[in-house]
Structures are given as C-alpha cells and as structure tokens.
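Under UniProt numbering, the residues of the sequence shown are numbered 1 to 145, in order. Beta carbons: idealized from backbone N, C-alpha and C, even for Gly. Just so we're clear, the structure is a prediction, and the values are computed from it rather than from any experiment. Notes for the one structure printed next.
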Amino acid sequence: MLELLAICFIGLLGGVAVGVQAPMGGVMGQRIGGAAASVIIHAGGLIASLALLFARKGEQISEWRTIPWYMLASGVFGLILYLTITQTLPKLGATSAVLLIIVGQLLAGMVIDHFGLFDLPIRSIDLSRLLAAVLLITGAYLMVR
C-alpha cells in the first residue's frame, strides 16, 4: 500500500510540473513565438536530461537503436503540446488550457490501454472507465464555458 501511495505521489508531482510548466511555456510562446519557445523549452529539457543521464551512468542509452522508429519521433508530440499551449492559454487561461491537455492525455491513455499499444498491458474500456471519460469531458466543458 505504501508503494502505491509513493507512486501516486510521483504521478501528482508530474501533474504539478505540467501545471506549472504549461503556463510558463504559453506565456513564453506569446512573447517570442511558439516555435522559439519550444526550442528553448526543449533545450532546457535536453540539458536537464543529459545531467540526469550522466548521473545515472548512461543507463541503457546504447540500446536506442532497438527502439521502434515511431518511438524515436515522440518528441514531435512535445512540439505539438507547446504550440497548442501558446494558442489556448491566452484565450482560455491556465486552468482551462491545462485541463484540456489533461483530458486529452487521459482519453489518449484510455485508447492506448484498451488496445495495448506500445507493448503496454491491455486494460479494456469498461462501463466505469467510459463513465469516468464522460465525467472528465463534462467537467472540461463546465470549466471552459
């Protein structure tokens, strides 16, 4: 049980990071342009990732050639994320912009789980998950309107 709580806490920290980073990136994008902001954000992420990689003694970086090609293109989704933030944040505010990102992530996650994409275990969409999705979409509508 304690391990589950620790994992949930780590997940919440990730959510806080998205909640803080999204408005920062959105404001930066409004000031210097979405593509320029994305370059700066990804450069900062690259520096931090390299530091972590060196601290972890390289992990298994030499195995990168064994990763399917489509996973190597996942950085494109980061660009899409930052460009959407620069468009939604000034019009909707931080709460609604981040909420829509989270709802999109959860819906994508449900589809990924349902079909077991990317070699993940299958977790079928059942009635309770479908109801949760409807509640999420309803909540997003109420927040954005």
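* Where do the N-terminal and C-terminal ends of the alpha helix (DSSP H) with Phe118 fall, by residue? -> From DSSP, Phe118 is part of no alpha helix (DSSP H); its letter is neither H nor E.
* **Extent of the continuous alpha helix (DSSP H) run through Glu59** => Glu59 -> no alpha helix (DSSP H), and no H or E assigned at all.
* Could you tell me how far apart the beta carbons of Ile80 and Gly25 are, in whole angstroms, since I believe they sit closer than 8 Å? => So it is not a contact: roughly 12 Å between Cβ atoms.
* Check whether the segment 92-106 touches the segment 23-39, taking contact to mean three or more Cβ pairs, one atom from each stretch, closer than 8 Å. => yes
* Whole-angstrom distance between Asp119 and residue 147, CA atom to CA atom -> What is shown of the chain runs 1 to 145, which leaves residue 147 out entirely.
* Asked: Does the distance from the C-beta atom of Tyr82 to that of Ile41 stay below 9 Å?
  -> yes
* Would you tell me roughly how many angstroms separate the C-alpha atoms of Ile125 and Leu117, rounded to the nearest one? => 14 Å
* Tell me, to the nearest whole angstrom, how far the beta carbon of Met28 is from that of Ala35; I am working on the premise that it is less than 8 Å. => Rounded, the Cβ-Cβ distance is 11 Å, inconsistent with contact.
* Grab the span of the alpha helix (DSSP H) containing Thr84 for me, first residue to last. => Gly75 to Leu92
* Gly78 to Phe9, Cα distance in whole Å? -> 23 Å
* Start-to-end residues for the alpha helix (DSSP H) that takes in Ile10 -> Leu2 to Ile32
* Using three-state DSSP, classify Arg65 as helix, strand or coil. => helix
* Below 7 Å CB to CB, which residues in the same chain sit around Gly139 once its five sequence neighbours on both sides are set aside? => none
* When we look at the beta-carbon of Leu89 and count the other beta-carbons within 10 Å, is it buried (16 or more) or exposed? -> buried
* Asked: Assuming Leu92 contacts Val144 under a Cβ cut-off of 8 Å, what Cβ separation, rounded to an integer in Å, is found between them?
  -> 6 Å
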